[in-house]
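In the working numbering, the protein residues as written are 1406 to 1473.
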């Protein structure tokens, strides 16, 4: 079953019971190159695999980009 979430300000569906890490994998994002904010709080990396996304969750994912 799917739930509705808000990802980077846009509505999106996610699988019920999906973790933050699972969402990153689905989006093909390298966990080493992103920061995640859940409900306006930075979520520490060690918690990503155990933190389930709930219906209505507001998630912001910021990707780090190198430059010189």
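Glycine residues also receive a C-beta, built at the ideal position from the N, C-alpha and C atoms.
For clarity, every value in this text was computed on a predicted model and none was experimentally measured.
### Query
If you follow the alpha helix (DSSP H) that residue 1430 is part of, which residue opens it and which one closes it?
By one-based count along the chain shown, residue 1430 stands at place 25. From DSSP, the alpha helix (DSSP H) with residue 1430 extends over 1425-1431.
### Cα-Cα separation between residue 1443 and residue 1472, rounded to whole angstroms
As a first step, residue 1443 is located in the chain shown; it is residue number 38 there, counting from the start. As a first step, residue 1472 is located in the chain shown; it is residue number 67 there, counting from the start. For residue 1443 and residue 1472, the distance between alpha carbons rounds to 27 Å.
### Cβ-based burial, residue 1440 [other Cβ within 10 Å; buried from 16]
Sequence index remark: in the chain shown, residue 1440 carries index 35 (1-based). That one is exposed.
### Query
Using CA coordinates, which residue listed in 1469, 1413, 1456 and 1470 is at the minimum distance from residue 1426?
Taking the first residue of the chain shown as 1, we reach residue 1426 at position 21. Among 1469, 1413, 1456 and 1470, the Cα nearest to that of residue 1426 is on 1456.
### Message
Measuring alpha carbon to alpha carbon, tell me which residue in 1409, 1414 and 1466 is nearest residue 1420.
### Response
Position 15 of the chain shown, counting from 1, holds the residue named residue 1420. Nearest option by C-alpha distance: 1409.
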